[in-house]
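Q: Here you go, one structure.
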Amino acid sequence: MSNAETATHWVEPLAGEEDLDGVLAVEAASFSNPWTRAMYEWELQNRAVCHVLVVRTPDCRVAGFCAFWLVVDEIHINNLAVLPDLRGRGLGTTLMRRVLTEGLRLGASNEAARRFYEGLGFRATAVRKHYYTSPTEDALILWREPDGTPDSQLDGDGQTTPGSTGD
Ligand SMILES: CC(C)(COP(=O)(O)OP(=O)(O)OC[C@H]1O[C@@H](n2cnc3c(N)ncnc32)[C@H](O)[C@@H]1OP(=O)(O)O)[C@@H](O)C(=O)NCCC(=O)NCCS
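Count the sequence shown with the working numbering and you get residues 10 to 176, in order.
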């Protein structure tokens, strides 16, 4: 339990069907066009990218949740909601703080993904200083020119050019 979390509520990764039932209940109570079970099941097949955190209280297994994608070091929030009766008590804030620290920690440590993109011609063009906390790290912004420069490592049909596979 982090400092931001208290005995009144805490955040955990989605764990099993019972949690998914809870997420769907929060969805139904929060959105006019809620995501369906099938949509979540499809999403959750790709656990490397799709993440769901739930916020619990002593009386409520799933009081709120956040579903987000993590692609290299960018977080994309898909859905975020807290049960109507439990809003305004800090649960949403605690959840988002945890999403940021969890997501950014995973992203910063994803050396394989960074190398993968660099191998395709993306280059680090900017640094967001101290973007991450726990631990504190800089974030890299990766950029690739439309024509594939600087190295033109792919030819027109997507084949790698011989000798361009990086290190
Ligand atoms: C957005 C949402 C997740 C926030 O969750 P929450 O647990 O109520 O948020 P918190 O209690 O941590 O409140 C954080 C801040 O939000 C604002 N806020 C929360 N409820 C508010 C309200 N009814 N009116 C105005 N501001 C409000 C306040 O600035 C609050 O900070 P403060 O407590 O210091 O004043 C929740 O309102 C919700 O589920 N909304 C419906 C779904 C939704 O719109 N999701 C976001 C888009 S995907």
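C-beta atoms are modelled at their ideal positions from N, C-alpha and C, and glycine is treated no differently. Computed from a predicted structure; not experimentally measured.
1) Per DSSP, which one or two residues make a beta bridge with Glu-21?
2) Around the Cβ of Leu-23, are there at least 16 other Cβ atoms within 10 angstroms (buried) or fewer (exposed)?
3) Under 7 Å: does the beta carbon of Asn-88 sit that close to some heavy atom of ligand 1?
4) At a threshold of 7 Å, does Thr-102 count as lining ligand 1 (C-beta to nearest heavy atom)?
5) Select from Arg-106, Ala-72 and Glu-111 the residue whose C-alpha is nearest the C-alpha of Ser-94.
6) Using DSSP bridges, identify the partner residues of Phe-74.
7) Gly-112: beta carbon under 7 Å from a heavy atom of ligand 1?
8) Where does Val-20 land, buried or exposed, given buried means 16+ other C-beta within 10 angstroms?
9) What span of residues does the alpha helix (DSSP H) with Arg-46 cover, start to end?
10) Within 10 angstroms of the Cβ of Glu-111, are there 16 or more other Cβ atoms? Answer buried if so, exposed if not.
11) Using the rule of at least 16 other Cβ atoms within 10 Å of the residue's Cβ for burial, across every protein chain shown, is Thr-102 buried or exposed?
12) Give me the Cβ distance between Leu-104 and Leu-62, rounded to the nearest whole Å; I'm assuming they're in contact under 8 Å.
A: A quick look at the data gives this:
1) Val-63
2) buried
3) yes
4) yes
5) Note that residue 94 is Asp in the sequence shown, not Ser. Among Arg-106, Ala-72 and Glu-111, the Cα nearest to that of Asp-94 is on Ala-72.
6) Val-63 and Ala-90
7) no
8) buried
9) From DSSP, the alpha helix (DSSP H) with Arg-46 extends over 46-52.
10) buried
11) exposed
12) 6 Å
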